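Visitor: Numbering-wise (this note's numbering), the sequence shown opens with residue 7 and increments by one. Note that the Cβ used here is the ideal one computed from N, Cα and C, for glycine as well. Quick caveat, the model's predicted, so the values are computed rather than measured. The structure follows.
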Amino acid sequence: MMINLLKEVARGKRGARDLTYEEAHQAADEILNMSATPAQIGAFFIAERIKMETVEELEAFTAVCRSQAFRSPIQEGLDCAGPYDGRKKTFIATFPTAFLLASAGLPVTLHGAASLPPKWGVTLQDLLQQIGIDAERLSQNQIIQAAESTGVLYVPAEQWCPPLKALRSIREELGMRTVLNTAEKLIDYSLSPYLVFGVYHNTVFDRMSKLVTNLKYKKALIVQGAEGSEDLFIERPTRTYLVENGEPQLHVVNPETYGLDTPLPEMTWTAELQISVAEDVLQGRGHMAFTNQVLLNGAVRLRLAGKVESVEEGLYTCKDLLDNGAPFELYRNWQAMMRSGIAQVGRSQ
Numbered sequence: 007m008m009i010n011l012l013k014e015v016a017r018g019k020r021g022a023r024d025l026t027y028e029e030a031h032q033a034a035d036e037i038l039n040m041s042a043t044p045a046q047i048g049a050f051f052i053a054e055r056i057k058m059e060t061v062e063e064l065e066a067f068t069a070v071c072r073s074q075a076f077r078s079p080i081q082e083g084l085d086c087a088g089p090y091d092g093r094k095k096t097f098i099a100t101f102p103t104a105f106l107l108a109s110a111g112l113p114v115t116l117h118g119a120a121s122l123p124p125k126w127g128v129t130l131q132d133l134l135q136q137i138g139i140d141a142e143r144l145s146q147n148q149i150i151q152a153a154e155s156t157g158v159l160y161v162p163a164e165q166w167c168p169p170l171k172a173l174r175s176i177r178e179e180l181g182m183r184t185v186l187n188t189a190e191k192l193i194d195y196s197l198s199p200y201l202v203f204g205v206y207h208n209t210v211f212d213r214m215s216k217l218v219t220n221l222k223y224k225k226a227l228i229v230q231g232a233e234g235s236e237d238l239f240i241e242r243p244t245r246t247y248l249v250e251n252g253e254p255q256l257h258v259v260n261p262e263t264y265g266l267d268t269p270l271p272e273m274t275w276t277a278e279l280q281i282s283v284a285e286d287v288l289q290g291r292g293h294m295a296f297t298n299q300v301l302l303n304g305a306v307r308l309r310l311a312g313k314v315e316s317v318e319e320g321l322y323t324c325k326d327l328l329d330n331g332a333p334f335e336l337y338r339n340w341q342a343m344m345r346s347g348i349a350q351v352g353r354s355q
């Protein structure tokens, strides 16, 4: 069956056709179950990359990824879907923002894996390893316990969706973006009603709006953020699409509107520096640019989830929380629980 589907998408620029949802679902099933050969899988990924994936194809791959993953209504909150290929040039603001939001009463789900192509940047997993947390060694129960206590869930994607791990070597050899770069971000491990999703190009806004509508999120914010992430810029406006009730609306978030626009210092980002800056922000002593970026992202996400009536109210809420130290205390508690899980694993071996 796979060879027949491959012939349809790989006929060249003029001859290739889009797959129906059912056909794409069959292709995804054969790929994620590894019943297709590595050569067929690689050829399919490249053909789709050239042809460009349709909403139906993306939805089918997302559905199959979800069917192969551990998913549970662990916490009803916000899913932050950033790029699994990491960051090279910008601050991962979504990490400290998660603890700010959780301290404001909005549970947050983060997820990721070891770095992938095409960017090969610093990932959330790299940040956790920097603070002594190897999430891939933790059981689902240990990770869930930390989330239930703090409101922050970090999912090691390749453990909770094993086919992603099985396909890693093929993706690394190809060295380019594939349909999985989108689908893996939409597995929605904790069945979150709210989504913030990063994209690199504004040309995908319409497709992604239709996709998140089909996936039935209560409300989603698609962000053309820093390095294709879900993080709003702080030095310039960010184009976003707010999707609610199937209706997408363009919203340009301008930090200048809130008196937050700040030039960014030149940084050579490593996992160590990312953690250092994140912890400084959570302790209220961070560089103004990064503190403001976390405040703005926090405020917009609180507004998205209906925790505040306006971005301005969200900013007041977030600033008060940073000033009283609640996000950093929550971060320390989460870190201790995750590290405790690692220690238990070590003792059992």
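From the DSSP secondary-structure annotation, give me the bridge partner or partners of Arg93.
Guide: By one-based count along the sequence shown, residue 93 stands at place 87. Arg93 pairs with Val128.
Visitor: Is DSSP giving His293 helix, strand or coil here?
Guide: Here residue 293 corresponds to residue number 287 of the sequence shown, with the count starting at 1. The answer is coil: DSSP assigns His293 none of H, G, I, E or B.
Visitor: Going by the beta-carbon positions, is the gap between Pro333 and Leu288 smaller than 8 Å?
Guide: One-based indexing of the sequence shown puts residue 333 at position 327. One-based indexing of the sequence shown puts residue 288 at position 282. The answer is yes: Cβ separation under 8 Å.
Visitor: Bridge partners for Gly118 per DSSP, in chain order?
Guide: Translated into the one-based positions of the sequence shown, residue 118 becomes position 112. Answer is Pro162.
Visitor: With distances taken Cα to Cα, identify the nearest neighbour of Ala226 among Arg17, Val306 and Pro261.
Guide: The count along the sequence shown starts at 1 and reaches residue 226 at position 220. With distances taken between Cα atoms, Ala226 lies closest to Val306.
Visitor: Quick test of the definition: if touching needs 3 or more C-beta pairs under 8 Å, does the stretch 237 to 257 touch the stretch 59 to 72?
Guide: no
Visitor: Should the stretch 133 to 153 be called in touch with the stretch 326 to 346, which here means at least 3 C-beta pairs below 8 Å?
Guide: yes
Visitor: Could you give the DSSP three-state label for Ala16: helix, strand or coil?
Guide: Counting from one through the sequence shown, the residue named residue 16 turns up at place 10. Note: Ala16 maps to coil in three-state DSSP.
Visitor: From Leu11, Tyr322 and Thr268, pick the residue whose C-alpha is nearest to that of Gln32; which is it?
Guide: In the sequence shown, the residue the question calls residue 32 occupies position 26. The candidate whose alpha carbon is nearest that of Gln32 is Leu11.
Visitor: Taking the alpha-carbon of Ile52 as reference, which of Gln341, Glu14 and Gly234 has the nearest alpha-carbon?
Guide: Working through the sequence shown from its first residue, we reach residue 52 at position 46. When each option's Cα is compared against that of Ile52, the closest is Glu14.
Visitor: What does the Cβ neighbour count give for Val202, buried or exposed, with the cut at 16 atoms within 10 Å?
Guide: Translated into positions along the sequence shown, residue 202 becomes position 196. Buried, by the Cβ-count rule.
Visitor: Could you check how far apart the C-beta atoms of Ile176 and Gly48 are, in whole angstroms? I think they sit under 8 Å.
Guide: Taking the sequence shown and counting its residues from 1, the one referred to as residue 176 is at position 170. Taking the sequence shown and counting its residues from 1, the one referred to as residue 48 is at position 42. Confirmed, about 6 Å.
Visitor: When you compare only the Cα positions, how much space is there between Tyr27 and His293?
Guide: Against the sequence shown, residue 27 aligns to sequence position 21. Against the sequence shown, residue 293 aligns to sequence position 287. Using only the alpha carbons, I get a separation of about 48 Å.
Visitor: Between which residues of its own chain and Trp340 is the CB-CB distance below 6 Å, once the five residues before and five after are set aside?
Guide: Residue mapping note: residue 340 aligns to position 334 of the sequence shown, counting from 1. These residues qualify, in order along the chain: Ala152, Thr156 and Val158.
Visitor: Per DSSP, which residues does Ala226 bridge with? Please list them.
Guide: If you number the sequence shown from 1, residue 226 lands on position 220. Per DSSP, Leu201 and Val249.
Visitor: Let's see if you can read the secondary structure: which residues bound the beta strand (DSSP E) around Asp391?
Guide: Because the chain here runs from 7 to 355, residue 391 falls outside it and cannot be looked at.
Visitor: Within this structure, are the beta carbons of Ala284 and Pro102 separated by less than 8 Å?
Guide: Numbered from its first residue, the sequence shown carries residue 284 at position 278. Numbered from its first residue, the sequence shown carries residue 102 at position 96. In this structure, the beta-carbon distance from Ala284 to Pro102 falls below 8 Å.
Visitor: Roughly how many angstroms lie between the CA atoms of Leu238 and Thr274, to the nearest whole one?
Guide: Stepping through the sequence shown from its first residue, residue 238 is reached at position 232. Stepping through the sequence shown from its first residue, residue 274 is reached at position 268. Rounded to the nearest angstrom, the two C-alpha atoms are 20 Å apart.
Visitor: Tell me whether Ser215 is buried or exposed, calling it buried when 16 or more other Cβ atoms sit within 10 Å of its Cβ.
Guide: In the sequence shown, the residue the question calls residue 215 occupies position 209. Answer is buried; the Cβ neighbour count reaches 16.
Visitor: From the DSSP output, read off the bridge partner residues of Val258.
Guide: As a first step, residue 258 must be located in the sequence shown, where it is residue number 252. DSSP, once it has assigned bridges, lists Arg245 as partnering Val258.
Visitor: What first and last residue would you give for the beta strand (DSSP E) that runs through Cys167?
Guide: If you number the sequence shown from 1, residue 167 lands on position 161. Premise fails: Cys167 is in no beta strand (DSSP E) and is neither H nor E.
Visitor: Mind pulling the beta strand (DSSP E) runs of 3 or more residues that sit fully within the stretch 45 to 110?
Guide: 84 to 87
Visitor: For Glu272, does the count of other Cβ atoms within 10 angstroms reach 16, so buried, or fall short, so exposed?
Guide: Position 266 of the sequence shown holds residue 272. Exposed, because fewer than 16 other Cβ atoms sit within 10 Å of the Cβ of Glu272.
Visitor: Could you give the DSSP three-state label for Ala311: helix, strand or coil?
Guide: Against the sequence shown, residue 311 aligns to sequence position 305. It is coil, neither helix nor strand.
Visitor: Measure from the alpha carbon of Leu328 to the alpha carbon of each residue in Glu319, Thr297, Ile150 and Pro113, then state which is nearest.
Guide: What you label residue 328 is simply residue 322 of the sequence shown in a count that begins at 1. Considering only alpha carbons, the answer is Thr297.
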